[in-house]
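Written out as structure tokens, the structure reads:
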């Protein structure tokens, strides 16, 4: 496995097959495979040419079966695997409709095979199809896990964050897939809080132990906080099993445990539900960092503009070293009150963290390279706030302020300012801002 200049391994823009990608040449050949023509997907779906295979999942702790990975395929093309079909769905103009239809076919095939809600199924899903979900009975809640690609969350955080909450309310479990080829791919995990974190199959091909140790640290921090579960696909041999165990992976699948089948065996109710302890607040995304800080019940500090800017600068300096999996959100009412050096500092942070969002109360959002931005509604209370939110694997912090209407001593401009390191408040503050951004970062 080779290492890119940005520190990532392989290429995360596609979902390669579970075979080894030991060289750039191999990956290039994989990417150049003929993609399925998305124009004929409707024809294929309507004429029953989509089949479903069920790949067995193994619980590495109890040693028992843990469910099936659902992998759709085209019956009319011999060499059309699930990854190519998924790529075709993503490139289509009707991504949500096609993904929903294929999921419906898979659910029907599972029912025909005698699969009950005792058997957990893992689906790859696109955010656009979450709006079509039907409510599941309480007895079947979380027996179906929808795994979203981490890149889709980054592309449209507002829609995805809202859809995830709705899906959970209707009884569907939410996971994330294809993380681990770089640490940036883990940045949205605290904001989504998935029950299943799916590693990219090529993670098990990585030989850089220093990188794997960093990745393991981030994965374990998520497990410790939420009791989520790590899932590794593409396990081929005992070496892969051993590496997965060392990284704290609980669920594994791949050729080592048998190929996918169209006739899966129903599974008995497991003595231990590995997701029973997973904690998801699933709180509605609302408010602003300032109103969220107010809800903590603490009194604000009255600070001058000069001191506030230095406090913002101090937190941004810390955020610059938070690591590639960190999320940093900057809010400022107007560019006039923002010191130019702070603007330069914001730009310098972009290459160092996983997600950097900057929103302004200006009528037109400032366009900055590699920074997520977006316009705010004219009545949005966020337009009157200043602050920084940092969510990393090790620590979280938030400073948020609101200008006082009355002048302070000697006519100075004063702000009501809140400081907090409360993890939930920081996560909610970051989600509150990102849920307002409908498009991906500027490039």
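Numbering (this note's numbering), first residue to last: 934 to 1376. From the three backbone atoms N, C-alpha and C, an ideal C-beta is built for every residue, glycine too. Small disclaimer: the values here were computed from a predicted structure and weren't measured.
Alpha carbon to alpha carbon, how far is residue i from residue j?
i	j	result
residue 1361	residue 1009	47 Å
residue 1266	residue 986	52 Å
residue 1235	residue 1315	19 Å
residue 969	residue 1080	Here residue 969 scores only 48 on pLDDT, less than 50, and its place in the model is too uncertain to base an answer on.
residue 978	residue 1058	17 Å
residue 1293	residue 1083	26 Å
residue 1368	residue 1127	17 Å
residue 1195	residue 1103	28 Å
residue 1093	residue 1322	20 Å
residue 1047	residue 1076	15 Å
residue 1242	residue 1335	13 Å
residue 1306	residue 1354	24 Å
residue 1097	residue 1078	12 Å
residue 1135	residue 1087	21 Å
residue 1237	residue 992	56 Å
residue 1332	residue 1106	33 Å
Go ahead and pull the three-state DSSP assignment for residue i.
i	result
residue 1117	helix
residue 1266	coil
residue 1228	coil
residue 1317	helix
residue 1343	helix
residue 1144	helix
residue 1200	coil
residue 1310	coil
residue 1004	strand
residue 1280	helix
residue 1338	coil
residue 1127	coil
residue 908	No information on residue 908 is available, as it lies outside the stretch 934 to 1376 that the chain covers here.
residue 1156	helix
Based on the DSSP output, what are the partners of residue i in its beta bridges?
i	result
residue 1194	987
residue 1305	1290
residue 1235	1349
residue 1388	The chain is shown only over 934 to 1376; residue 1388 falls outside these bounds and no answer can be derived.
residue 1165	1132 and 1185
residue 1112	1132
residue 998	991
### Query
Do the stretch 1203–1220 and the stretch 1278–1297 make contact, defined as three or more Cβ pairs closer than 8 Å?
no
### Task
Say whether the stretch 1121–1137 touches the stretch 1103–1112, bearing in mind that this needs 3 or more beta-carbon pairs closer than 8 Å, one atom from each stretch.
yes
### Query
Counting pairs of beta carbons, one from the stretch 1221–1233 and one from the stretch 1021–1038, are three or more of them closer than 8 Å?
no
### Message
Contact between the stretch 1192–1204 and the stretch 1307–1320 is defined here as three or more beta-carbon pairs at a separation below 8 Å; is this criterion met?
### Response
no
### Task
Starting from the N-terminal side, write out each stretch of the alpha helix (DSSP H) that is 4 residues or longer and does not extend beyond the stretch 1012–1084.
Taken in chain order, the whole alpha helix (DSSP H) runs of length 4 or more contained in the stretch 1012–1084 are 1015–1024 and 1028–1045.
### Any 3 or more C-beta pairs closer than 8 Å across the stretch 993–1003 and the stretch 1049–1059
Verdict: yes, contact present.
### Message
I want to know whether the stretch 1343–1362 touches the stretch 1180–1196 - three or more CB-CB distances under 8 Å.
### Response
The way I'd put it, the stretch 1343–1362 doesn't touch the stretch 1180–1196; fewer than three beta-carbon pairs between them come closer than 8 Å.
### Query
Does the count of Cβ pairs from the stretch 1134–1154 and the stretch 1171–1181 closer than 8 Å reach three?
yes
### Task
Could you say if the stretch 1130–1138 and the stretch 1160–1172 meet the contact criterion of at least three C-beta pairs nearer than 8 Å?
yes
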